[in-house]
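**Student:** Just so we're aligned: 857 in my numbering is position 256 of the sequence shown, and the numbers increase by one with no gaps anywhere.
Positions of the beta carbon are idealized from the N, C-alpha and C atoms, including for glycine.
The model shown is predicted, which means the values in this text are computed figures rather than measured ones.
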Amino acid sequence: MGVNYGDLHDPNAEYTMRDLSSETMGVTNERGGGRDVEITDIQTTMVDGNFPWTLVRIYTDTGIVGTGEAYWGAGTPELIERMTPFLQGENPLDIDRLTEHLTQKMSGEGSIGGVTVTAISGIEVALHDLAGKILDLPAYQLMGGKYRDEMRVYCDCHTEEEADPIACADEAERVVEELGYDALKFDLDVPSGHEKDRANRHLREPEIDHKVSIVEAVTERVGSRADVAFDCHWTFSGGSAKRLAKALEPYDVWWLEDPVPPENHDVQREVTQSTTTPITAGENVYRKHGQRRLIENQAVDMIAPDMPKVGGMRETAKIADKADMYYMPVAMHNVASPVATMASAHVGAAIPNSLAVEYHSYELGWWEDLVEEDVIEDGYIEIPEEPGLGVTLDMDVVKEKMVEGETLFDEA
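(1) Whose C-beta lies closer than 7 Å to the C-beta of Ile809 among residues of the same chain, with five residues either side of it excluded?
(2) Would you check if the distance between the CB atom of Val936 and the CB atom of Glu670 is smaller than 8 Å?
(3) Quick check on DSSP: helix, strand or coil for Pro686?
(4) Determine, using beta carbons only, whether Pro930 and Leu956 come nearer to each other than 8 Å.
(5) For Glu796, which three-state DSSP category applies?
(6) How many Å lie between Asp902 and Thr881 at the Cα?
(7) Tell whether a beta-carbon distance below 8 Å holds between Met744 and Ala905.
(8) Cutting at 7 Å between CB atoms, please list the residues of its own chain near Thr704, excluding the five before and the five after it.
(9) Return helix, strand or coil for Leu656, following the three-state DSSP convention.
(10) So Ala800 packs on His947, CB below 8 Å; how close in whole Å?
(11) Report the CB separation of Leu994 from Thr668 in whole angstroms; it is logged as a contact under 8 Å.
(12) Looking at the unbroken alpha helix (DSSP H) that takes in Ala820, where does it start and where does it end?
(13) Just tell me which of Ala842, Gly883 and Ile735 has its CA closest to the CA of Gln874.
(14) Report all residues from its chain with a CB closer than 6 Å to the CB of Trp673; omit the five preceding and five following residues, and keep chain order.
(15) Among all the DSSP beta bridges, which residues are the ones paired with Cys756?
(16) Run the CB neighbour count on Ala675, radius 10 Å, all protein chains shown included, and call it buried at 16 or more, exposed below.
(17) Give the DSSP bridge partners of Leu994, in chain order.
(18) Straight-line CA distance for Asn898 to Ala924?
(19) My output table needs one value for Asp828: the three-state DSSP class, helix, strand or coil.
(20) Taking Cβ positions, are Thr629 and Ile681 nearer each other than 8 Å?
(21) Do Val561 and Met943 have their CB atoms nearer than 8 Å?
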């Protein structure tokens, strides 16, 4: 028999001066109008996609169920099981209080960053789906309404010959012409054959020349038909990132993503302010507090939070609001299943400064089969008007694609 993570002993969680439960706060669950709802259980199922997606399901005493998704990775299901007792008996409509309640309860287990925030994010997304179904409203309406009817999607592109500029250009043209996307992203931290040392983060001039050749081939091939971003995955030193960004200035680069590691925001700012090439970062920074210095110091030209990782839908909107004070666009990183992808689209619809939402699974033939609805069409997501997130899991597909040894959660 495995560990029951919901029964783990944690003095910090059992006694905190900032316990925000309804009992401690004196908040009643009696709302009227069909809103007298209590959470009874939270379950997870991990699906083996191109990432191991953690799907989250919140159950209530009325039979209404909300579905969400946490950013992929080990430890998330256990943490969600750990937090389940903190929400049982609570009214799911108090999304903001419940999210902060979990953050306080889990403070001793790392709720300012990392996988604990990710687990809270998955619950928060499910709460939005659940609240929307209770109130008979789409999730974007819970966030203040929408600025747009559809959300632009940028396709993260790959090829077996990822270091070949011509192969990348060929794939870019195929994705634009055959798949209908007008926004793309390619990896730039690919082997050039000129590396001397993979540990020191330094780029030699031949390596920079190789990366420039990829950017030149792709951007010139697609021309004005598509915007193209390039991802560096936190690989380079500050000096090398500056030299690379400078070398890319003659080309139509939508943005250069994560050219330096995510911890030192001073270096990130220096790189950004040294070049006219647009720079973005943010997927490895947690909560609005983590994103604050990137925004206030204008250490990026655009911010790229990952919604089911950074803290959830409302937390992403709060980050976007802060960014809007600095006239900074939001380009949401996203490697999720259709569930969190649609949740990100709802956020994108509800904030003024949204650029696009990433799609990272175009090579996975069954990605959209995970839900009953169509999600992406011609590079855009139409924002659903159905209650909640507007997507319904196909439980047969979920069962078929589960990670080996996983247990299927209960049906709605």
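**Tutor:** Once the coordinates are examined:
(1) Counted from its first residue, the sequence shown places residue 809 at position 208. Around Ile809: Arg844, Leu845 and Ala848.
(2) Along the sequence shown, one-based indexing puts residue 936 at 335. Along the sequence shown, one-based indexing puts residue 670 at 69. No; because the gap between Cβ atoms is not below 8 Å, this pair is not in contact.
(3) In the sequence shown, the residue the question calls residue 686 occupies position 85. Three-state result, Pro686: helix.
(4) Mapped onto the sequence shown, residue 930 falls at position 329. Mapped onto the sequence shown, residue 956 falls at position 355. Contact flag set, yes.
(5) Taking the first residue of the sequence shown as position 1, residue 796 is located at position 195. If DSSP states are grouped into helix, strand and coil, Glu796 belongs with coil.
(6) Stepping through the sequence shown from its first residue, residue 902 is reached at position 301. Stepping through the sequence shown from its first residue, residue 881 is reached at position 280. Rounded to the nearest angstrom, the two C-alpha atoms are 6 Å apart.
(7) Within the sequence shown, residue 744 is the residue found at index 143, counting from 1. Within the sequence shown, residue 905 is the residue found at index 304, counting from 1. Their beta carbons are not under 8 Å apart, which means Met744 does not touch Ala905 by this criterion.
(8) Mapped onto the sequence shown, residue 704 falls at position 103. Excluding residues within five positions, the ones whose Cβ falls inside 7 Å are Ser712 and Ile721.
(9) As a first step, residue 656 is located in the sequence shown; it is residue number 55 there, counting from the start. In this structure, Leu656 counts as strand in the three-state DSSP scheme.
(10) Here residue 800 refers to the residue found at position 199 when the sequence shown is read from its first residue. Here residue 947 refers to the residue found at position 346 when the sequence shown is read from its first residue. Their Cβ separation, rounded to whole angstroms, is 41 Å, which puts Ala800 and His947 out of contact at 8 Å.
(11) To locate residue 994, count along the sequence shown from 1; it is residue 393. To locate residue 668, count along the sequence shown from 1; it is residue 67. Leu994 to Thr668, Cβ: 6 Å. Contact.
(12) As a working note, residue 820 is residue 219 in the sequence shown. Reading the sequence as shown, one finds Thr at residue 820 and not Ala. Residues Glu806 to Val823.
(13) On the sequence shown, residue 874 is found 273 positions in, with the first residue counted as 1. With distances taken between Cα atoms, Gln874 lies closest to Ala842.
(14) Here the question's residue 673 lines up with position 72 in the sequence shown. Contacts found: Phe652, Pro653 and Trp654.
(15) As a first step, residue 756 must be located in the sequence shown, where it is residue number 155. According to DSSP, Cys756 bridges with Leu785 and Tyr960.
(16) For this step, residue 675 is matched to residue 74 along the sequence shown. By the 10 Å Cβ count, Ala675 comes out exposed.
(17) Here residue 994 corresponds to residue number 393 of the sequence shown, with the count starting at 1. Leu994 pairs with Val972.
(18) Position 297 of the sequence shown, counted from the first residue, corresponds to residue 898. Position 323 of the sequence shown, counted from the first residue, corresponds to residue 924. Cα-Cα distance, rounded: 11 Å.
(19) Counting from 1 along the sequence shown, the entry for residue 828 is found at position 227. It is a strand residue.
(20) Here residue 629 refers to the residue found at position 28 when the sequence shown is read from its first residue. Here residue 681 refers to the residue found at position 80 when the sequence shown is read from its first residue. No, they are not a contact pair.
(21) No information on residue 561 is available, as it lies outside the stretch 602 to 1013 that the chain covers here.
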